[in-house]
């Protein structure tokens with residue numbers, strides 16, 4: 001049953017795979033929303049310290065699968081996940097996995113910037129605080145500042161850390177959300193169309209930031225923009241109708257796709 | 001292909017304009033109704049915030065007030081005697097009774113309080129204001145009869161013939177029913193016979209001298225004696241009091257400071273206000289935490305299944321149940337089954353809590369639902385537990401909405417009458433309740449009780465109590481609007 005789907009998945013290019021250890025491994029994953037079969041027998045290995053982009057037409061399941069990686073789908077009562085998803089070899093759907101700790105380890109950035117309606121400082125400090133990551137105020141401030149710096153936002157907001165996060169511009173808000181995700185020291189950062197609500201300049205900044213972050217994190221990004229996928233990712237996965245059609249080195253996927261469907265999509269011939 | 005027909009466009013615009021006028025018209029009619037209602041109540045109720053008192057000089061006779069037990073002293077007698085001494089001519093039993101009728105039953109209460117607080121006053125002579133009865137008070141407020149005093153022009157000769165008096169002279173302006181005040185007395189005109197006027201005594205004149213212009217005047221009363229609660233004699237006395245300057249008008253603080261009374265001039269709202277406060281406090285203390293907890297559970301944690309669907313539908317149904325049903329439920333459950341005291345704020349509060357619980361739950365759920373899911377996702381995304389996400393992010397953002405709903409629910413509870421009738425909060429209770437288990441009544445029920453009483457003064461009090469209730473309700477709504485505006489957040 002699984003074979004036809006699996007056979008068409010092209011392994012990531014040996015070059016990328018050799019350079020980086022695997023971080024996330026999914027095997028025979030099926031996701032259902034009630035009766036709807038959203039992800040069908042998906043298997044994929046995502047390497048560490050690289051940006052993997054998920055592309056595909058709307059409704060192909062790429063966001064669904066992304067949200068399965070930090071179990072955000074748990075919040076949807078009708079959603080059911082079968083199969084295996086492991087991070088560093090540990091099954092994240094295992095009974096003794098604490099979903100709260102999992103989500104601290106696998107941060108997420110959402111489509112629409114969603115800072116808490118609190119100060120910039122509080123936005124970033126919230127995660128470290130609930131996880132007890134700081135002993136005292138100085139520690140916490142250090143974490144906040146370094147996270148904001150990593151997110152490339154510190155210079156812009158250092159004078160107004162107590163100003164509300166919702167008062168920032170869209171691009172700044174999204175970087176604040178990235179800083180918030182980084183603050184809990186995750187290993188994986190999932191980004192669900194992080195630039196779809198932003199203008200090109202803000203998008204460019206976020207992309208730059210993603211490129212820097214990949215030195216330290218395993219980044220998975222869902223995007224509708226193939227240019228963006230080509231610009232920021234090292235690996236690209238093409239999803240179609242709930243299946244993973246092709247996964248490989250971004251250059252190869254875009255220049256020499258092995259699947260006709262991938263080629264059709266990339267060249268804009270279907271959708 | 002085809003042109004847009006310009007007459008169609010014109011028709012559309014005309015329809016739009018018409019619709020605007022309909023809307024404006026409806027608004028104007030509503031505003032007029034509201035204006036009529038409020039102004040009617042305000043005009044009727046406003047006089048009840050004032051009272052009239054007559055200043056009398058009293059000597060606190062140690063024989064009547066024992067310094068050891070001042071509260072048992074005969075202050076009634078002291079004040080009444082002092083008041084009667086203003087009218088030395090009134091000696092008959094009937095006159096003394098009629099005079100006493102001008103004073104309130106509680107006219108001596110203020111003096112008693114004063115002396116009890118300061119027994120050193122015993123034996124002294126002091127000027128104290130004595131509260132007038134509701135009838136006298138209404139007279140001074142102009143609510144008994146219209147009155148016109150015309151200075152006499154011309155000369156009158158007054159002669160007595162048996163019981164009657166015959167007035168001759170410049171009588172051209174005199175009319176039947178008028179009262180002539182002359183020679184220290186007052187005569188009511190009973191008959192006009194050409195230029196001769198026949199009159200009867202209201203107060204017998206001291207002399208039968210000729211009264212020249214300026215020595216007499218006439219009172220024209222618009223309401224016949226039989227149709228008002230003060231007779232002509234009392235009117236003449238009261239006019240005497242008025243012209244001697246002992247009548248003072250002041251704000252009736254006792255309207256807010258004292259409990260209910262059978263005497264209109266003594267009746268106050270304090271009992272009802274305190275009762276309302278205690279009752280609503282019980283309702284709030286119960287309904288707010290229960291309502292919020294239920295709303296949070298239903299909105300954030302409950303599984304979506306048949307059972308929660310049924311619960312949800314029933315909560316919405318409960319919000320539409322007539323309030324008297326809750327009263328019956330309260331009677332059956334709280335009073336008969338649990339044996340809570342009748343007429344007590346604790347029972348009333350429980351019933352009102354049941355009544356506003358659905359409102360609060362619905363408002364709280366709406367407020368929780370209005371918090372965008374992205375906030376929950378953001379919290380979950382950094383590893384907050386569901387509970388942390390709800391209590392640290394969703395709930396704080398929903399609080400203004402919850403409070404708004406709660407205050408509106410409380411306003412409803414505050415104005416609720418029917419369910420409280422069922423649990424006996426409709427009794428006449430003169431004492432201000434001291435606790436949650438004391439017999440009490442509430443503001444709207446007090447209004448209901450007063451509106452049933454025949455005295456004109458109570459009608460005025462009813463309107464005044466409605467004004468107080470409306471002020472409280474407007475205040476609550478204003479707070480709700482303020483909270484909504486102040487903490488309103490847009491995403």
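Residue numbers (the numbering used here), protein chains in the order written: chain A, 1 to 271; chain B, 1 to 491.
C-beta: ideal position from N, C-alpha, C; glycine also.
Just so you know, these numbers come straight off a predicted model, no measurement behind them.
With 16 other Cβ atoms within 10 Å as the buried cut-off, status of residue i
{"i": "residue 444 of chain B", "result": "buried"}
{"i": "residue 35 of chain B", "result": "exposed"}
{"i": "residue 79 of chain B", "result": "buried"}
{"i": "residue 98 of chain A", "result": "exposed"}
{"i": "residue 66 of chain A", "result": "buried"}
{"i": "residue 471 of chain B", "result": "exposed"}
{"i": "residue 29 of chain B", "result": "exposed"}
{"i": "residue 387 of chain B", "result": "exposed"}
{"i": "residue 301 of chain B", "result": "exposed"}
{"i": "residue 461 of chain B", "result": "buried"}
{"i": "residue 243 of chain A", "result": "buried"}
{"i": "residue 71 of chain B", "result": "exposed"}
{"i": "residue 223 of chain B", "result": "exposed"}
{"i": "residue 269 of chain A", "result": "exposed"}
{"i": "residue 162 of chain B", "result": "exposed"}
{"i": "residue 29 of chain A", "result": "buried"}
{"i": "residue 390 of chain B", "result": "buried"}
{"i": "residue 125 of chain B", "result": "exposed"}
Backbone secondary structure at residue i - three-state DSSP
{"i": "residue 173 of chain B", "result": "coil"}
{"i": "residue 329 of chain B", "result": "helix"}
{"i": "residue 208 of chain B", "result": "coil"}
{"i": "residue 191 of chain B", "result": "strand"}
{"i": "residue 51 of chain B", "result": "strand"}
{"i": "residue 168 of chain A", "result": "coil"}
{"i": "residue 185 of chain B", "result": "strand"}
{"i": "residue 374 of chain B", "result": "helix"}
{"i": "residue 127 of chain B", "result": "strand"}
{"i": "residue 161 of chain A", "result": "coil"}
{"i": "residue 234 of chain B", "result": "helix"}
{"i": "residue 217 of chain B", "result": "strand"}
Reference residue i; option with closest CA among the options
{"i": "residue 63 of chain B", "options": "B/50, B/77, B/51, B/56", "result": "B/77"}
{"i": "residue 50 of chain B", "options": "B/116, B/173, B/361, B/254", "result": "B/254"}
{"i": "residue 88 of chain A", "options": "A/56, A/50, A/45, A/261", "result": "A/45"}
{"i": "residue 44 of chain B", "options": "B/357, B/456, B/326", "result": "B/456"}
{"i": "residue 102 of chain B", "options": "B/239, B/439, B/473, B/434", "result": "B/239"}
{"i": "residue 360 of chain B", "options": "B/292, B/461, B/268", "result": "B/292"}
{"i": "residue 100 of chain B", "options": "B/153, B/135, B/112, B/117", "result": "B/135"}
{"i": "residue 480 of chain B", "options": "B/11, B/14, B/405", "result": "B/405"}
{"i": "residue 206 of chain B", "options": "B/90, B/198, B/12", "result": "B/90"}
{"i": "residue 180 of chain A", "options": "A/200, A/202, A/154, A/205", "result": "A/154"}
{"i": "residue 420 of chain B", "options": "B/242, B/330, B/186", "result": "B/330"}
{"i": "residue 334 of chain B", "options": "B/325, B/350, B/324, B/322", "result": "B/350"}
{"i": "residue 199 of chain A", "options": "A/219, A/187, A/171, A/118", "result": "A/171"}
{"i": "residue 348 of chain B", "options": "B/278, B/383, B/376", "result": "B/278"}
{"i": "residue 214 of chain B", "options": "B/321, B/154, B/131", "result": "B/154"}
For residue i, the residue or residues it bridges with in DSSP
{"i": "residue 246 of chain A", "result": "A/238"}
{"i": "residue 30 of chain A", "result": "A/82"}
{"i": "residue 266 of chain B", "result": "Answer by DSSP bridge pairing: none, since residue 266 of chain B is not bridged."}
{"i": "residue 87 of chain A", "result": "A/24, A/90"}
{"i": "residue 320 of chain A", "result": "Because chain A is modelled from 1 through 271, residue 320 of chain A falls outside the range shown and cannot be assessed."}
{"i": "residue 51 of chain A", "result": "A/219"}
{"i": "residue 191 of chain A", "result": "A/109, A/221"}
{"i": "residue 161 of chain B", "result": "B/164"}
Beta-carbon proximity list for residue i, same chain, < 6 Å, skipping 5 on both sides
{"i": "residue 65 of chain B", "result": "73, 122"}
{"i": "residue 9 of chain B", "result": "none"}
{"i": "residue 225 of chain B", "result": "231, 232"}
{"i": "residue 570 of chain B", "result": "Given that chain B is displayed from residue 1 to residue 491, the structure contains no residue 570 of chain B and the question cannot be resolved."}
{"i": "residue 169 of chain A", "result": "none"}
{"i": "residue 108 of chain B", "result": "75, 76, 79"}
{"i": "residue 249 of chain B", "result": "50, 52"}
Cutoff 8 Å; reference residue i; Cβ partners in own chain excluding five residues on either side
{"i": "residue 19 of chain B", "result": "none"}
{"i": "residue 6 of chain A", "result": "Residue confidence for residue 6 of chain A is low, a pLDDT of 40 falling below 50, so the modelled location carries little weight; the figure read from the coordinates is stated next. The answer, listed in chain order, is 41, 43."}
Residues near residue i by beta carbon distance below 7 Å, same chain, minus five either side
{"i": "residue 413 of chain B", "result": "280, 283, 352, 355, 356"}
{"i": "residue 437 of chain B", "result": "341, 344, 346"}
{"i": "residue 193 of chain A", "result": "111, 222, 223, 224"}
{"i": "residue 304 of chain B", "result": "none"}
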